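Number of protein chains: 2
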Amino acid sequence: MQLLKDRIRKDGKVKEGNVLKVDSFLNHQMDVKLFREIGKEFKRRFEGEEINKILTIEASGIGIACIVAEVFDVPVVFAKKTQTKNIAGDVYTTKVESFTHGRVYDIIVAKEFLGKGDKVLLIDDFMANGKALEGLAQLVEDSGAELVGAGIVIEKGFQPGGDILRKRTHLESLAIVESMDEKTGEIVFRDDE
Amino acid sequence: MQLLKDRIRKDGKVKEGNVLKVDSFLNHQMDVKLFREIGKEFKRRFEGEEINKILTIEASGIGIACIVAEVFDVPVVFAKKTQTKNIAGDVYTTKVESFTHGRVYDIIVAKEFLGKGDKVLLIDDFMANGKALEGLAQLVEDSGAELVGAGIVIEKGFQPGGDILRKRTHLESLAIVESMDEKTGEIVFRDDE
């Protein structure tokens with residue numbers, strides 16, 4: 001998606017350790033006009049697929065998921081992250097390893113909001129190792145719902161998440177970062193010449 | 001807002017300890033069509049006010065804030081909750097006491113996304129004791145931005161948050177719960193007869 005790649009090149013900041021900061025428009029300050037264009041692009045890429053629910057994970061996925069959901073005209077469910085041992089009520093849960101934060105946490109979705117008959121599109125802002133997305137896919141599977149696909153705004157193509165998730169479902173990433181140079185700030189996208 | 005009150009009466013569940021569960025449409029599963037109507041209602045209630053940024057707090061405020069922001073045609077910033085001692089970079093921060101979770105946490109906003117010239121509307125899904133909202137108001141004040149008002153979807157009118165925040169800014173709550181009965185499930189709203 002050219003508009004997104006242009007925006008990443010303009011406002012993204014490449015930091016040490018292959019960190020791409022896009023918090024001026026994606027995951028701290030949020031440009032909802034861009035989100036609307038992202039929603040339209042996902043709609044185009046999943047044209048013809050039957051989707052009746054969007055599943056995301058707190059926190060930064062929620063904003064994008066809600067605006068994408070408006071374009072798809074479906075409700076959103078967001079999985080909650082918890083370190084609580086006593087998870088109240090009837091929930092699906094799985095463990096997710098976070099490389100960024102160096103810990104394992106549980107993600108949960110109430111059973112009443114995910115189940116048979118749901119045709120689910122996963123939406124998230126970022127994918128690197130893909131552990132959060134794998135966790136969401138697992139919740140969908142456990143619930144008996146159908147996993148239709150996954151839409152990611154920015155994929156770090158040099159980390160393994162994308163390849164793993166592509167084997168499992170129809171993955172669409174709107175910008176795949178192939179490499180970044182923290183000295184020059186240069187960002188190479190996968191489909192660039 | 002009648003549409004919202006009807007929905008709370010239809011799908012809200014009154015639980016022990018004055019808990020109102022609205023997670024089927026507001027803060028776990030999210031009805032984005034309702035959010036759009038909520039956005040239009042806030043736009044009507046803040047008509048004539050100059051607003052160029054919406055500030056909310058993770059996680060469940062983000063979805064509503066993004067759709068409200070589309071109606072206002074402004075960007076969103078969400079404050080992050082953290083228990084990290086080492087807050088990286090240049091941020092505004094304040095402490096918030098959570099009665100629900102029985103702990104104190106820090107909320108932060110990067111300085112580059114809030115400051116002089118910003119005319120800020122706070123948006124959140126719920127207000128009871130109002131500590132999160134007070135924290136957001138404090139961040140706005142610390143940053144030199146102007147606090148224009150606060151829009152809350154559901155206010156628990158029998159808890160002190162609303163009265164405190166009304167002294168500080170223009171507060172609009174779309175549904176103010178005056179009392180709830182966990183035995184009958186009855187909910188009384190403030191402007192009901």
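Note that the protein sequences, when read in sequence, are chains A and B. Here the UniProt record's numbering is used: position 50 in the first sequence is 50, and no number is missing along the way. Here the UniProt record's numbering is used: position 193 in the second sequence is 193, and no number is missing along the way. Glycine residues also receive a C-beta, built at the ideal position from the N, C-alpha and C atoms. Computed from a predicted model, the values in this text were never measured in an experiment.
Within the stretch 86-104 of chain B, no residue places its CB atom closer than 8 Å to a CB of chain A.
Legend: CB atoms of the stretch 1-18 of chain A lying less than 8 Å from CB atoms of chain B are not found in any residue. In the same chain as residue 97/A, and ignoring 5 residues on each side of it, the C-beta atoms closer than 6 Å to its own belong to 104 and 131, in chain order. Judged by DSSP in its simplified three-state form, residue 183/A adopts coil rather than helix or strand. Where residue 136/B is concerned, there is no enclosing beta strand (DSSP E), although the alpha helix (DSSP H) around it starts and stops at 131-143.
DSSP links residue 189/B through a beta bridge to 177/B. Rounded to the nearest angstrom, the gap between the Cα atoms of residue 137/B and residue 57/B is 11 Å. Against chain A, the CB of residue 77/B has a partner CB under 7 Å away; the residue lies at that interface.
Per DSSP, residue 164/A has no beta-bridge partner at all. Taking the Cα positions, residue 186/A is about 40 Å away from residue 31/B. Two segments are said to touch when three or more pairs of C-beta atoms, one from each, lie closer than 8 Å; by this definition the stretch 36-51 of chain A touches the stretch 59-69 of chain A. The stretch 66-82 of chain B and the stretch 150-157 of chain A do not touch, with fewer than 3 CB-CB distances between them shorter than 8 Å. Inclusion of residue 74/B and residue 43/B in the CB contact set at 7 Å is not warranted, their separation being larger than that value. Annotation for residue 168/A: 137 place their beta carbon closer than 7 Å to its own, counting only its chain and skipping 5 residues before and after. Contact annotation: in the stretch 124-145 of chain A, no residue has its CB less than 8 Å from a CB in chain B. With fewer than 16 neighbouring CB atoms inside 10 Å of its own CB, residue 19/A falls in the exposed class. The C-alpha of residue 76/A is placed about 23 Å away from the C-alpha of residue 162/A. Residue 55/B places its beta carbon 7 Å or farther from that of residue 165/B.
Residue 49/B carries a coil assignment under DSSP once its states are collapsed to helix, strand and coil. The straight-line gap separating the alpha-carbon atoms of residue 176/B and residue 25/A is approximately 33 Å. When the five nearest sequence neighbours on each side are left out, the beta carbons in the same chain lying within less than 7 Å of the beta carbon of residue 182/A are those of 14, 15 and 16, in order along the chain. Around the beta carbon of residue 3/B, a 10 Å sphere encloses fewer than 16 other beta carbons of the protein chains shown; the residue is thus reported as exposed. What residue 63/A touches in chain B, judged by beta-carbon distance under 8 Å, is 62, 63, 65, 66, 76 and 78, going in chain order. According to DSSP, residue pairing for residue 39/A in a beta bridge does not occur.
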